[in-house]
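**Q** The following block contains the structure, expressed as structure tokens.
Numbering (the UniProt record's numbering), first residue to last: 1 to 269.
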């Protein structure tokens, strides 16, 4: 079911399934929504209470006017408050791409809430101030472009970026469903999200990786060379992490190889 939850003054839309004592919290990527994970609910809801919120500026969740409300510290505080509101003291946390960056930051800032961490095609951010400054400039240009050309034109361009080149092999129905999910959002929400929590805006977590003690699974696609290399380095720096590379998948293993992705996730439990 989809429900609305008030979290620190913001109206969040949350998909919820199952009634297990343990919680599995799912965090989508940029231009996604909780619906991205819906194909996995039937199996995962048999074991856990599954929560898949639409993140700030995405889907049916509110898009606050202030960029400051999208900052990483604010969004991870929202996750803690969401779990508190729904009476969960801890959760298994799975995040994809942008959602993976948020999940990792949540584990760094609120480790007491995280039983296990699963990061798909994620990163700890950019290591140096100069890299972050350059990325912020690029994200601001993209945010301005989104506002200038509007949602539909932006989605068409976004679907064609090299990161998603492997999507050409997806079934037509899967690709169209992803477009429908992207169309749930707004140009304003996506632009503000980029400005507030883009890779250049978030603090780097590279120096924090060694502090994490919860079991961690890193998942990447073998055709996504950049993120596979990043995650290999992350695994070397983390105390309790293992890295699984999904064959014949790019940046979105959950779409391109859903059975292999689900099997990898379920080996954690």
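The beta carbon of each residue, even a glycine, is placed where N, CA and C say it ideally should be.
1) For residue 180, which three-state DSSP category applies?
2) Between residue 267 and residue 43, what straight-line distance do the alpha-carbon atoms span, to the nearest angstrom?
3) Can you give the Cα-Cα distance for residue 199 and residue 193, rounded to whole angstroms?
4) Residue range of the alpha helix (DSSP H) that residue 264 falls in?
5) Looking at the structure shown, is residue 115 part of a helix, part of a strand, or coil, going by DSSP?
6) Just the C-alpha distance for residue 206 and residue 124, rounded to the nearest angstrom, thanks.
7) Does the pairing of the stretch 58–71 with the stretch 80–97 give three or more beta-carbon distances under 8 Å?
8) I'd like the span of the beta strand (DSSP E) that includes residue 246, first residue to last.
9) Should residue 37 go down as buried or exposed, given a rule of 16 or more other Cβ atoms within 10 Å for buried?
10) Where in the stretch 39–78 do unbroken runs of the alpha helix (DSSP H), each at least 4 residues long, occur, reported from the N-terminal end onward?
11) Taking C-beta to C-beta, are residue 213 and residue 240 nearer than 8 Å?
12) Per DSSP, which one or two residues make a beta bridge with residue 132?
**A** Walking through what the data contain:
1) Position 180 of the chain shown, counted from the first residue, corresponds to residue 180. Residue 180: helix per DSSP, three-state reduction.
2) Here residue 267 is taken as the residue at index 267 of the chain shown, counted from 1. Here residue 43 is taken as the residue at index 43 of the chain shown, counted from 1. In a straight line, the C-alpha of residue 267 is about 14 Å away from that of residue 43.
3) Taking the chain shown and counting its residues from 1, the one referred to as residue 199 is at position 199. Taking the chain shown and counting its residues from 1, the one referred to as residue 193 is at position 193. Each residue's alpha carbon lies about 10 Å from the other.
4) Indexing the chain shown from 1 puts residue 264 at position 264. First-last of the alpha helix (DSSP H) with residue 264: 258–266.
5) Indexing the chain shown from 1 puts residue 115 at position 115. Strand at residue 115.
6) One-based indexing of the chain shown puts residue 206 at position 206. One-based indexing of the chain shown puts residue 124 at position 124. Those two C-alpha atoms are separated by around 6 Å.
7) no
8) In the chain shown, the residue the question calls residue 246 occupies position 246. First-last of the beta strand (DSSP E) with residue 246: 241–246.
9) To locate residue 37, count along the chain shown from 1; it is residue 37. So residue 37 ends up on the buried side.
10) 41–44
11) Counted from its first residue, the chain shown places residue 213 at position 213. Counted from its first residue, the chain shown places residue 240 at position 240. Yes, these two residues count as a Cβ contact at 8 Å.
12) Taking the first residue of the chain shown as 1, we reach residue 132 at position 132. DSSP, once it has assigned bridges, lists no residue as partnering residue 132.
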